[in-house]
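Colleague: Please find one structure pasted underneath; my questions will follow.
Protein chains in written order, with the numbering used here: chain V, -18 to 97; chain P, 19 to 245.
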């Protein structure tokens, strides 16, 4: 990857995008507190979604991260497959979040830079 | 109090410095210097979304695309908020910042039963320290990564995998804790299916809808309130 490349697009557009992203993120975080301020309880269905959705979303985010993987050549899928397997194995073995993330990422970097 | 909060946040210190550096390096590689990276980490303060932000900046996405993407990626924060409404009721003046800084990791430190002290003043101070420590690690990691990324000698290709690794780690952690395994599989396979059908640029919304629909059906089938 190159370093120190000038942004292709205007600073004003970048600032606008960051403001939009920050605004929507804050809105999502504040909304439940604004909606449920007056009431005592939260509707049962919302509580149910609150319980179940986070686990499903993590699965979705993994797929999101791996969305660019294709199977046309080994270099397009093998580093991700090997590194994901390594993260799973490391985490089952030690259950140390930092070790799993650092180990898997280091392995992935070695694979994409030196092996494939 | 300060020491207790610091010790509690040590795992987050490690993860945020690594992930924050990854973000800073990625931003540098796309031509956005430390100022831009730190700006994101101060005002957006949402790990996975900031990685997506790099893509959005690099492709000069439209503000509407950015807003929709943020809605999709960060929708889970609605649910963190919902479960913290009762807990944050007594937080006084610290409350707005606590809500702003409710990341996945901060949520995981504070959502548990008995994690927050009983006394109101102590509770607000403790939550404020945990949230502020976490953001401090995130901003510091970002600044370090951005500074590092500007040096030509470091080849950072592949550092973006730290985000994938984080989610895989959370997934395995939930799986080993036997927490909502069927929901985890639902998220994984519904998203995979939608990816295969709709392609990488437009599968997220359909995946969210499928997941929400399946969960709604399961809720209705279980007779609502019991679930």
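Using N, Cα and C, we set each Cβ at its ideal position, and we do this for glycine too.
Thinking just about the alpha-carbon of each residue, which of P:98, P:139, P:181 and P:153 is nearest to the one in residue 126 of chain P?
Modeller: Here residue 126 of chain P refers to the residue found at position 108 when the second chain is read from its first residue. For residue 126 of chain P, the nearest C-alpha among the options comes from P:98.
Colleague: Taking the continuous alpha helix (DSSP H) assigned at residue 52 of chain V, which residues delimit it?
Modeller: Walking along the first chain from the start, residue 52 of chain V turns up at place 71. Residue 52 of chain V -> no alpha helix (DSSP H), and no H or E assigned at all.
Colleague: Using a Cβ-Cβ cutoff of less than 7 Å, which residues in the same chain neighbour residue 92 of chain P once the five nearest sequence positions on both sides are dropped?
Modeller: The sequence position of residue 92 of chain P within the second chain is 74, counting from 1. So the list reads 64 and 67, once near-sequence residues are dropped.
Colleague: Looking at chain P, is there any beta carbon in it that lies within less than 8 Å of the beta carbon of residue 17 of chain V?
Modeller: Numbered from 1 along the first chain, position 36 holds the residue referred to as residue 17 of chain V. True, the Cβ-Cβ gap to chain P drops below 8 Å.
Colleague: Measuring straight from C-alpha to C-alpha, what distance separates residue 46 of chain P and residue 228 of chain P?
Modeller: To locate residue 46 of chain P, count along the second chain from 1; it is residue 28. To locate residue 228 of chain P, count along the second chain from 1; it is residue 210. Taking the straight line from one Cα to the other gives about 36 Å.
Colleague: Output needed in chain order: residues of the segment 70 to 97 of chain P with a Cβ under 7 Å from some Cβ in chain V.
Modeller: 71, 74, 75, 78, 79, 81, 84, 85, 88, 89, 92, 93, 94, 95, 96 and 97
Colleague: So residue 226 of chain P is in the alpha helix (DSSP H); what residue range does that whole segment cover?
Modeller: Locating residue 226 of chain P in the second chain gives position 208, where the first residue counts as 1. Here the alpha helix (DSSP H) through residue 226 of chain P covers 221 to 239.
Colleague: Exposed or buried, which one is residue 86 of chain V when buried takes at least 16 other CB atoms within 10 Å?
Modeller: The residue labelled residue 86 of chain V in the question sits at position 105 within the first chain. Residue 86 of chain V counts as buried, since no fewer than 16 other beta carbons sit within 10 angstroms of its beta carbon.
Colleague: Considering only their Cβ atoms, is the gap separating residue 49 of chain V from residue 218 of chain P smaller than 8 Å?
Modeller: As a first step, residue 218 of chain P is located in the second chain; it is residue number 200 there, counting from the start. As a first step, residue 49 of chain V is located in the first chain; it is residue number 68 there, counting from the start. Yes. Within cutoff.
Colleague: Going along the chain, which residues of the segment 0 to 11 of chain V sit with their C-beta nearer than 7 Å to a C-beta in chain P?
Modeller: 1, 2, 3, 5, 6, 7, 9, 10 and 11
Colleague: Reducing DSSP to helix, strand and coil, say where residue 11 of chain V ends up.
Modeller: What you label residue 11 of chain V is simply residue 30 of the first chain in a count that begins at 1. Correct three-state label for residue 11 of chain V: helix.
Colleague: Could you work out which residues of chain P lie near residue -7 of chain V, taking near to mean beta carbons separated by less than 9 Å?
Modeller: Reading the first chain from its first residue, position 12 is the one you call residue -7 of chain V. In chain order: nothing, as chain P lies at least about 11 Å away.
Colleague: Going by CA-CA distance only, name the one from P:206, P:232, P:129 and P:237 that's closest to residue 38 of chain V.
Modeller: Taking the first residue of the first chain as 1, we reach residue 38 of chain V at position 57. For residue 38 of chain V, the nearest C-alpha among the options comes from P:206.
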